[in-house]
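**Student:** Take a look at the following structure, please.
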Amino acid sequence: MRVVITGGAGFVGSHLCERLLGAGHQVVCLDNLISGRAENLAALSRQPGFHFEQVDVSDRCDAAGPVDAVLHFASPASPVDYLRHPVATLRVGSRGTENALELARRKQARFLLASTSEVYGDPEVSPQPESYWGRVNPIGPRSVYDEAKRFAEAITFAYRRSQAVDTRVVRIFNTYGPRMRPNDGRVVSNFIVQALTGEDLTVYGDGSQTRSLCYVSDLVSGVLGVLGLAPEIPEAAGPINLGNPVEMTVETIARLVLELTGGSSHIVRRPLPEDDPKRRRPDIRRAQRLLGWTPQVPAHEGLERTIAFFRAELATPTPTAVRPSAAAPATAESRA
Ligand code: UDP
């Protein structure tokens, strides 16, 4: 296959590029490097089947020659990133998705949208099945990401219905692993970097909110499984949840990171960001049924690998390898 990946220099996107190249496919990576990093592609750029173009797909999404699949992963995705780039986040979810769909239509390629558990907002049901419509605050700080992805799903289904594009939608739950940026503000990267640098671990709120953490290699297997589903399968059109159903409180994640790093940091409380979802746990029965897919990497193992990555990253600082901000992205208090 010849695959276009938007956002291919990002955390998840770069792992996808790597896996596809390893399987003998050709990859065209489009990224404006707003939150992606050229370093993520350093090892790939020497491979003959790989092509990188620095471009904002909200302006232009194109590739010369035949294309078999378009994977739309471009977007700031951590709360700190999308709050820093609110309009760019809305643009890449709307205009960027339309441009990527147009490319798929022109090339008669399959299209896969990286959607998110954030379409469920702060959910009233747990675990969250794909049939749940969600509870999103349309004007809250997180809406720039949540509503952009909801729009992205809507336009993907519109192209499927009206333009006969063969589409897939995956809803990705919290994912972690090597190549997260130390300063992306996410819970796993923040806690690990804080523990490794001897700083206090910043638990927002009382730490009772939950997340379900999926190791990146498991996620990539799920994404490629969905991409490969035969179009005749009625449920292949998605959306399909991809995530690890093992749910943990944020407090538990902090304690686990402390235990695995062997650090002597303390846990401190910081205000809970506005509209922070209280629970998040994927119902993955659809993916299990269609793909026979279940995450394989347990939290302690995935965290060990991620800790090893950050140890190396902190030992050889890059311009982005700075300490995380201890402040929550946008808190109810700070906005009041
Ligand atoms: N969180 C935290 N301390 C941090 C970073 C995040 O307690 O230093 C919490 C955050 O409030 C949320 C959860 O961890 O409840 C996951 O946050 P993250 O930014 O990773 O992503 P989200 O799931 O909210 O999109």
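Residue numbers are given in the working numbering: position 300 of the sequence shown equals residue 1483, and the series is strictly consecutive.
Positions of the beta carbon are idealized from the N, C-alpha and C atoms, including for glycine.
Taking 7 Å as the threshold (C-beta atoms), are Val-1409 and Arg-1351 in contact?
**Tutor:** For the purposes of this step, residue 1351 is identified with residue 168 of the sequence shown, where counting begins at 1. For the purposes of this step, residue 1409 is identified with residue 226 of the sequence shown, where counting begins at 1. Note that the C-beta distance between Arg-1351 and Val-1409 is below 7 Å.
**Student:** Kindly provide the ranges of any beta strand (DSSP E) runs that are 3 or more residues long and lie completely inside the segment 1402-1452, ordered along the chain.
**Tutor:** 1423-1425, 1430-1432
**Student:** For Trp-1316, count neighbouring Cβ atoms within 10 angstroms of its own Cβ and tell me buried if that reaches 16, exposed if not.
**Tutor:** Taking the sequence shown and counting its residues from 1, the one referred to as residue 1316 is at position 133. Exposed: under 16 other Cβ atoms inside 10 Å.
**Student:** Which two residues bound the contiguous beta strand (DSSP E) that contains His-1234?
**Tutor:** Locating residue 1234 in the sequence shown gives position 51, counting from the first residue. Looking at the DSSP string, the run of the beta strand (DSSP E) that includes His-1234 is 1233-1237.
**Student:** Please look up how many angstroms separate the CB atoms of Val-1275 and Ser-1258, rounded, as I've assumed it's under 8 Å.
**Tutor:** The residue labelled residue 1275 in the question sits at position 92 within the sequence shown. The residue labelled residue 1258 in the question sits at position 75 within the sequence shown. Right, their Cβ atoms sit about 5 Å apart.
**Student:** To the nearest angstrom, how far is it from the Cα of Leu-1296 to the Cα of Thr-1339?
**Tutor:** Walking along the sequence shown from the start, residue 1296 turns up at place 113. Walking along the sequence shown from the start, residue 1339 turns up at place 156. Those two C-alpha atoms are separated by around 8 Å.
**Student:** Should Phe-1520 and Val-1440 be called a contact, given that it needs their Cβ atoms to be closer than 7 Å?
**Tutor:** Residue 1520 cannot be examined here, being either before or after the span of the chain that is shown, 1184 to 1519.
**Student:** Between which residues of its own chain and Arg-1518 is the CB-CB distance below 8 Å, once the five residues before and five after are set aside?
**Tutor:** Residue mapping note: residue 1518 aligns to position 335 of the sequence shown, counting from 1. Any reading at Arg-1518 is ruled out, since the residue's pLDDT is 37, under 50, leaving its predicted position unreliable.
**Student:** May I ask you to check if the CB of Asp-1264 is nearer than 6 Å to at least one heavy atom of ligand 1?
**Tutor:** Counted from its first residue, the sequence shown places residue 1264 at position 81. No.
**Student:** Provide the residue span of the alpha helix (DSSP H) that contains Val-1195, from first to last.
**Tutor:** Here residue 1195 is taken as the residue at index 12 of the sequence shown, counted from 1. Start and end: 1194-1205.
**Student:** Below 7 Å between beta carbons: does that hold for Ser-1372 and Pro-1361?
**Tutor:** As a position in the sequence shown, residue 1372 is number 189, starting the count at 1. As a position in the sequence shown, residue 1361 is number 178, starting the count at 1. Cβ distance not < 7 Å, so Ser-1372 and Pro-1361 don't count as in contact.
**Student:** So, Val-1524 versus Arg-1185, is the Cβ gap smaller than 7 Å?
**Tutor:** Any question about residue 1524 goes unanswered here, given that the chain covers just 1184 to 1519.
**Student:** Per DSSP, which residues does Gln-1311 bridge with? Please list them.
**Tutor:** To locate residue 1311, count along the sequence shown from 1; it is residue 128. Looking at the DSSP assignment, Gln-1311 forms a beta bridge with Pro-1465.
**Student:** So, Thr-1280 versus Ala-1335, is the Cβ gap smaller than 7 Å?
**Tutor:** Counting from 1 along the sequence shown, the entry for residue 1280 is found at position 97. Counting from 1 along the sequence shown, the entry for residue 1335 is found at position 152. Result yes, Cβ atoms of Thr-1280 and Ala-1335 sit closer than 7 Å.
**Student:** Once you ignore the five residues that flank Val-1386 on each side, which residues in its own chain have a CB closer than 8 Å to its CB?
**Tutor:** For the purposes of this step, residue 1386 is identified with residue 203 of the sequence shown, where counting begins at 1. Once the five neighbours on either side are set aside, the close Cβ partners of Val-1386 are Val-1433, Glu-1434, Ala-1437, Ile-1450, Val-1451, Arg-1452, Arg-1453.
**Student:** Whose C-alpha, out of Pro-1478, Ile-1490, Val-1270, is nearest the C-alpha of Glu-1442?
**Tutor:** As a first step, residue 1442 is located in the sequence shown; it is residue number 259 there, counting from the start. If we check each option's Cα against that of Glu-1442, Ile-1490 comes out closest.
**Student:** When you compare only the Cα positions, how much space is there between Met-1363 and Asn-1357?
**Tutor:** Position 180 of the sequence shown, counted from the start, is the residue given in the question as residue 1363. Position 174 of the sequence shown, counted from the start, is the residue given in the question as residue 1357. Here the alpha carbons of Asn-1357 and Met-1363 stand approximately 12 Å from one another.
**Student:** Return the CA-CA distance between Ala-1510 and Val-1370, expressed in angstroms with no decimal places.
**Tutor:** What you label residue 1510 is simply residue 327 of the sequence shown in a count that begins at 1. What you label residue 1370 is simply residue 187 of the sequence shown in a count that begins at 1. Residue placement at Ala-1510 is poorly supported in this model, since its pLDDT is 47, which falls under 50; the coordinates still yield a value, given next. Taking C-alpha positions only, Ala-1510 is separated from Val-1370 by approximately 12 Å.
**Student:** Determine the extent of the beta strand (DSSP E) in which Gln-1377 is found, giving its start and end residues.
**Tutor:** Residue numbering aside, residue 1377 sits at position 194 when the sequence shown is read from its first letter. Where Gln-1377 is concerned, there is no enclosing beta strand (DSSP E), although the alpha helix (DSSP H) it sits in stretches over 1370-1379.
**Student:** Among Ser-1391, Phe-1233, Pro-1460, which one has its Cα closest to the Cα of Pro-1306?
**Tutor:** Indexing the sequence shown from 1 puts residue 1306 at position 123. Of the listed residues, the one whose Cα sits closest to Pro-1306 is Pro-1460.
**Student:** Is it true that the CB of Asp-1214 sits closer than 7 Å to the CB of Gly-1191?
**Tutor:** Mapped onto the sequence shown, residue 1191 falls at position 8. Mapped onto the sequence shown, residue 1214 falls at position 31. A contact, by the Cβ cut-off of 7 Å.
**Student:** Helix, strand or coil, according to DSSP, for Ser-1400 in the structure here?
**Tutor:** Indexing the sequence shown from 1 puts residue 1400 at position 217. Looking at Ser-1400 - three-state DSSP - the assignment turns out to be helix.
**Student:** Taking the beta strand (DSSP E) that Ala-1297 belongs to, which residues open and close that run?
**Tutor:** Counting from one through the sequence shown, the residue named residue 1297 turns up at place 114. Ala-1297 -> beta strand (DSSP E) spans 1293-1299.
**Student:** Taking 7 Å as the limit between beta carbons, can you name the residues of its chain near Pro-1393, skipping five residues before and five after?
**Tutor:** Looking up residue 1393 in the sequence shown gives position 210. Checking the displayed sequence, the identity of residue 1393 turns out to be Thr instead of Pro. Correct list, in chain order: Glu-1430, Met-1431, Thr-1432, Arg-1462, Arg-1463, Arg-1464.
**Student:** Just to confirm, is the Cβ distance from Cys-1244 to Leu-1203 under 7 Å?
**Tutor:** The residue labelled residue 1244 in the question sits at position 61 within the sequence shown. The residue labelled residue 1203 in the question sits at position 20 within the sequence shown. No; because the gap between Cβ atoms is not below 7 Å, this pair is not in contact.
**Student:** Answer with buried or exposed for Pro-1414, where buried requires no fewer than 16 other C-beta atoms within 10 angstroms of its C-beta.
**Tutor:** Counting from 1 along the sequence shown, the entry for residue 1414 is found at position 231. Exposed, because fewer than 16 other Cβ atoms sit within 10 Å of the Cβ of Pro-1414.
**Student:** Where does Gln-1346 land, buried or exposed, given buried means 16+ other C-beta within 10 angstroms?
**Tutor:** As a working mapping, residue 1346 is identified with position 163 in the sequence shown. Within a 10 Å sphere around the beta-carbon of Gln-1346 sit fewer than 16 other beta-carbons, which makes this residue exposed.
**Student:** Name the one or two DSSP bridge partners that Ile-1188 has.
**Tutor:** Stepping through the sequence shown from its first residue, residue 1188 is reached at position 5. In the DSSP output, where bridge partners are listed per residue, Ile-1188 has Cys-1212, Leu-1254.
**Student:** Taking just the CA atoms, how far does Lys-1290 sit from Ala-1378?
**Tutor:** Taking the first residue of the sequence shown as position 1, residue 1378 is located at position 195. Taking the first residue of the sequence shown as position 1, residue 1290 is located at position 107. If I take the Cα positions, the gap works out to 47 Å.
**Student:** Name, in chain order, the residues that DSSP records as bridge partners for Ser-1395.
**Tutor:** For this step, residue 1395 is matched to residue 212 along the sequence shown. Beta-bridge pairing links Ser-1395 to Glu-1430.
**Student:** Beta-carbon separation of Ala-1419 and Leu-1412 under 7 Å?
**Tutor:** Within the sequence shown, numbered from 1, the residue matching residue 1419 stands at position 236. Within the sequence shown, numbered from 1, the residue matching residue 1412 stands at position 229. A contact, by the Cβ cut-off of 7 Å.
**Student:** From Tyr-1359 to Pro-1321, what distance separates their C-alpha atoms?
**Tutor:** As a working mapping, residue 1359 is identified with position 176 in the sequence shown. As a working mapping, residue 1321 is identified with position 138 in the sequence shown. If I take the Cα positions, the gap works out to 27 Å.
**Student:** Return the bridge partner residues of Ile-1355 from the DSSP annotation.
**Tutor:** Residue numbering aside, residue 1355 sits at position 172 when the sequence shown is read from its first letter. Residue pairing by DSSP places Ile-1355 opposite Thr-1299, Leu-1425 in a beta bridge.
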